[in-house]
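Chains A and B, in that order, give the protein sequences.
Per this note's numbering, residue 9 is the first one in the first sequence, and the count goes up by one each step.
Per this note's numbering, residue 9 is the first one in the second sequence, and the count goes up by one each step.
Using N, Cα and C, we set each Cβ at its ideal position, and we do this for glycine too.
Notes follow the structure.
There are 2 protein chains.
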Amino acid sequence: MGKKYSEEHKVAYYECDVTGQMTQPAMLAVAIEISEAQSAALGRDSAFVQSLGVTWIITNYQITYNRLPKALEKITVSTMAMEYNKFFCYRNFWLTDELGNELVKIEAVFALMSLETRKMAAVAEEIIAPYGSEKVKKIRRYPKLTKVEGDSYQPYRVRFYDIDNNHHVNNAVYFTWIFDVLGYDFLASHTPKSTAIRFEKEVEYGNQVESHYQIVTREDGAIETRHEIRCGDVVSCEANIVWEAN
Amino acid sequence: MGKKYSEEHKVAYYECDVTGQMTQPAMLAVAIEISEAQSAALGRDSAFVQSLGVTWIITNYQITYNRLPKALEKITVSTMAMEYNKFFCYRNFWLTDELGNELVKIEAVFALMSLETRKMAAVAEEIIAPYGSEKVKKIRRYPKLTKVEGDSYQPYRVRFYDIDNNHHVNNAVYFTWIFDVLGYDFLASHTPKSTAIRFEKEVEYGNQVESHYQIVTREDGAIETRHEIRCGDVVSCEANIVWEAN
């Protein structure tokens with residue numbers, strides 16, 4: 009395990025939904041901000057990484073929620089590079105309350121993409137060394153995502169403010185499409201317990217995407233929603249979310 | 009003039025657009041958060057206000073920009089209730105840099121709306137007294153907004169995350185629709201110098217709105233964009249923005 013980096017964060021009203029709880033896109037945005045702050049502190053900011061001809065991409069998140077942060081709550085957001093192999097870097101994030109209880113845990117898989125070929129590049133020691141994480145041989149396997157059946161969806165257009173400083177559609181934006189499509193009644197009456205999401209193909213400014221979804225009650229009684237973000241015939245993102253009724 | 013309330017704010021990457029500057033919706037969100045913090049500190053939070061059968065609405069903003077806050081910049085956000093008359097409360101916000109230079113000034117007009125009749129209610133002493141602002145007779149007049157000509161627009165649907173804790177479409181969301189419709193090329197190559205916006209009729213969750221706009225070069229050489237948010241036949245919001253080419 010590598011160096012831990014933490015910052016305190018006061019949850020703003022505008023980071024919360026009608027339930028007064030922090031939204032998933034806001035949690036992701038704050039988490040990514042913290043990891044950028046750590047990278048900058050270690051002399052590995054995005055300008056440095058890009059000077060080597062590569063850029064970070066995120067391929068997966070596994071998120072578990074004990075309790076969602078509430079408006080005006082003071083939380084601590086921490087991150088740590090856990091380990092890495094030839095192509096993937098495993099980084100965790102924790103949102104904890106004032107007593108140190110874990111509220112939300114985010115396990116993220118990062119990879120490096122060549123700016124020239126847009127293909128995945130091997131993890132360079134020069135980039136990763138300062139984080140102090142361990143090199144491992146093993147590639148982690150995550151549970152397979154269950155596909156969406158049926159044809160329920162809403163269209164979303166990629167907006168100007170969806171594009172971040174690095175000219176990419178910010179990861180948090182996919183969560184907006186995935187959550188929003190479930191609608192007010194569902195979202196106001198259910199709380200997420202876990203999310204598994206995989207990013208496959210980037211969408212771009214001006215693209216019109218379709219947020220496909222299916223709401224199922226599994227055999228074990230849990231409520232699961234299944235998601236695909238499609239851009240034309242291409243699946244750009246898939247997710248499964250497990251929910252609890254409020 | 010009343011009591012001033014200030015908080016420091018570090019501008020996050022996710023509050024910025026591709027130019028690395030703070031977005032208008034983010035500036036508004038931070039400003040409103042500060043005024044809610046002041047209200048809570050004075051024992052006049054939204055629960056108190058609503059217990060009197062009314063709620064705050066914002067009818068106008070006049071915003072002037074000297075320079076937009078940048079990613080990771082430490083700014084101070086301040087607010088002060090300036091004065092009020094029978095129906096309107098005038099409140100200013102300032103975003104200042106670390107040296108105290110004014111970056112952005114927001115003049116806002118607040119009013120109280122009856123929760124029962126949805127009509128404007130007179131400003132109650134019980135609500136306004138703690139802010140220490142002066143009662144005046146005069147009702148401020150703002151320059152008339154120039155209407156949109158032509159029929160350029162994009163549709164936007166009100167999303168779940170557009171609804172705030174008070175179950176209203178957050179004011180900052182209108183700015184998203186107004187700015188986004190101008191498109192990447194315009195937004196990446198122009199900086200706002202002033203915005204005048206008037207809110208007329210609330211839109212609701214699930215509504216589909218049209219963001220109408222017109223880009224004009226005025227006789228004095230300034231670039232001005234004119235905006236109307238329409239919901240069906242109803243104009244819910246109008247704005248004029250003056251820009252400078254980068």
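Is residue i helix, strand or coil when you go by DSSP?
i, result
"T72 of chain A", "strand"
"I136 of chain A", "helix"
"Y164 of chain B", "strand"
"A129 of chain B", "strand"
"Y21 of chain B", "helix"
"Y192 of chain A", "helix"
"Y213 of chain A", "coil"
"Y92 of chain B", "strand"
"Y169 of chain A", "helix"
"S141 of chain B", "coil"
"K12 of chain B", "strand"
"E81 of chain B", "coil"
"T27 of chain A", "coil"
"I147 of chain A", "coil"
"V156 of chain B", "coil"
Between the Cα of residue i and those of the options, spot the shortest distance and give me the residue it belongs to.
i, options, result
"E115 of chain B", "B:E218, B:S202, B:E227", "B:S202"
"F95 of chain A", "A:N74, A:T125, A:K143, A:P138", "A:K143"
"A49 of chain A", "B:L80, B:G10, B:N68", "B:L80"
"C239 of chain B", "B:I231, B:G214, B:R226", "B:G214"
"G108 of chain B", "B:I83, B:M90, B:M88", "B:I83"
"R165 of chain B", "B:G158, B:T225, B:E218, B:Q32", "B:E218"
"T152 of chain A", "A:A39, A:E23, A:E41, A:I249", "The sequence shown places Lys at residue 152 of chain A, rather than the Thr named in the question. Of A:A39, A:E23, A:E41, A:I249, the residue nearest in Cα terms is A:I249."
"T104 of chain A", "A:V85, A:H176, A:Y92, A:G10", "A:V85"
"Y257 of chain B", "B:I237, B:P163, B:N178, B:L76", "The requested residue 257 of chain B is not part of the displayed model; chain B covers only 9 to 254."
"Y150 of chain B", "B:T27, B:E44, B:R206, B:A20", "B:R206"
"G140 of chain B", "B:Y69, B:M121, B:Q46, B:G158", "B:Q46"
"W185 of chain B", "B:R52, B:R234, B:N100", "B:R234"
"N174 of chain B", "A:M9, A:G10, A:C24", "A:C24"
"I231 of chain B", "B:D241, B:L195, B:Q216, B:D53", "B:L195"
"M90 of chain B", "B:P138, B:K155, B:G191, B:N254", "B:P138"
So is residue i in contact with chain B if we call contact Cβ pairs under 9 angstroms?
i, result
"T84 of chain A", "no"
"V57 of chain A", "no"
"I205 of chain A", "no"
"T31 of chain A", "yes"
"A20 of chain A", "yes"
"Q216 of chain A", "no"
"V117 of chain A", "no"
"F168 of chain A", "yes"
"E44 of chain A", "yes"
"Y192 of chain A", "yes"
"T184 of chain A", "yes"
"Y213 of chain A", "yes"
"E81 of chain A", "no"
"A37 of chain A", "yes"
"R165 of chain A", "yes"
"L50 of chain A", "no"
Considering residue i, what are the terminal residues of the beta strand (DSSP E) in which it resides?
i, result
"N100 of chain A", "97-104"
"V117 of chain A", "110-122"
"P33 of chain A", "No beta strand (DSSP E) contains P33 of chain A, which is instead part of the alpha helix (DSSP H) from 32-49."
"A204 of chain B", "198-207"
"V224 of chain B", "216-225"
"N248 of chain B", "242-253"
"I265 of chain A", "Here chain A comprises residues numbered 9 to 254, so residue 265 of chain A is not present and cannot be evaluated."
Which residue comes first and which comes last in the alpha helix (DSSP H) that contains residue i?
i, result
"I186 of chain B", "179-188"
"S59 of chain B", "54-59"
Strictly under 9 angstroms for the Cβ-Cβ distance: is residue i near chain A by that measure?
i, result
"H175 of chain B", "yes"
"C97 of chain B", "no"
"E210 of chain B", "no"
"V112 of chain B", "no"
"F101 of chain B", "no"
"V26 of chain B", "yes"
"A89 of chain B", "no"
"Q162 of chain B", "yes"
"D172 of chain B", "yes"
"N178 of chain B", "yes"
"L76 of chain B", "no"
"L60 of chain B", "no"
"I40 of chain B", "yes"
If the cut is a Cβ gap below 7 angstroms, which residues of chain C does residue i touch?
i, result
"E16 of chain B", "The chain labelled as chain C is not found among the protein chains of the depicted structure, namely A and B."
Name, going along the chain, the residues of the region 229-254 of chain B whose beta-carbon falls closer than 7 angstroms to a beta-carbon of chain A.
none
Give the residues from the region 118-138 of chain A that approach chain B closer than 8 angstroms (Cβ to any Cβ), ordered along the chain.
none
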